[in-house]
Amino acid sequence: MSVPAKDEQASWLAACVEIDRNAPIKVFRQVANILRDSIKAGDLAAGMPVPSEAELCRRFGVARDTARLALRELREEGLIVRTRGKRYYVASADGEMHPALRGMPRYRKIASAVAQAIRSGRFPIGKAIPSEKEMAKEYAASKGTVRRAIDYLRQEGWVFTIAQLGSFPESEDKWPDWDV
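Numbering (the UniProt record's numbering), first residue to last: 1 to 180.
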């Protein structure tokens, strides 16, 4: 029996991804493979938060120990790093937290991840970025923190906001020169 991945609206997860409990590959390794593929494809970029154990349990219908093993495998491979707050983030190419993100306020980390998603085309120009509610869930943050991140992105030239419609990526010529 195949169990479809939960929360198919998650931007980093293709809708067709499933966990096959009858496959010869252990379930935790299947979860790790899905996350690994998302990191390598750039859907989860350096500095972005990785779904928590609880989020993985909900999305894939797995036990907490299974989610923990998947995250441990990725950490041992150097693909993710754990912060003091016990949150996992995608590591930079050298296996460390991106230097610009160390000590950065939470809203700036979220803004950095959104800017990276805009730059990579994951959030295309002309289409609204996810709502505050969706981003709060994705980044495990309060709506106030997400709102502050969007305000920061607006001030820096990454997005513009239209009342009742949402925030949209600015045209590329208006983007600041960020390395993050």
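Backbone N, C-alpha and C fix where the C-beta goes; we use that ideal spot for every residue, glycine too. Remember, it's a predicted structure, so these values are computed and weren't measured experimentally.
Review point. Of the choices Leu165, Ile118, Val31, whose alpha-carbon is the least far from that of Arg64?
Key: Of Leu165, Ile118, Val31, the smallest CA-CA separation from Arg64 is found for Val31.
Check your understanding: When you compare each of Gly47, Gly166, Thr66 to Glu53 by their alpha carbons, which one comes out closest?
Key -> Nearest option by C-alpha distance: Thr66.
Exercise for review: Pull up the CB-CB distance for Tyr88 and Pro49, whole angstroms please, since I reckon it's below 8 Å.
Suggested key: Your pair Tyr88 and Pro49 checks out as a contact, with CB atoms roughly 7 Å apart and the cut at 8 Å.
Exercise for review: List in chain order: all unbroken beta strand (DSSP E) runs of 3+ residues lying wholly within the UniProt domain "HTH gntR-type" (104 to 172).
Suggested key: Runs of the beta strand (DSSP E) spanning 3 or more residues and lying entirely within the UniProt domain "HTH gntR-type" (104 to 172) occur at 159 to 162, 166 to 169, in chain order.
Point to revise | Continuous beta strand (DSSP E) stretch holding His20: start and end | key: This sequence places Asp at residue 20; His is not what is there. Where Asp20 is concerned, the enclosing beta strand (DSSP E) stretches over 18 to 20.
Check your understanding: Short check: CB of Leu44 to CB of Leu74, under 8 Å?
Key -> The answer is no: Cβ separation not under 8 Å.
Exercise for review: Count the other C-beta atoms from every protein chain shown that fall within 10 angstroms of the C-beta of Thr83, then say buried if there are 16 or more, exposed otherwise.
Suggested key: Result: exposed.
Exercise for review: Kindly identify the DSSP beta-bridge partner or partners of Val90.
Suggested key: Per DSSP, Ile80.
Exercise for review: Let me know if Ile125 comes out buried or exposed under the rule of 16 or more other beta-carbons within 10 Å of its beta-carbon.
Suggested key: With fewer than 16 other CB atoms across the displayed protein chains lying within 10 angstroms of its CB, Ile125 is exposed.
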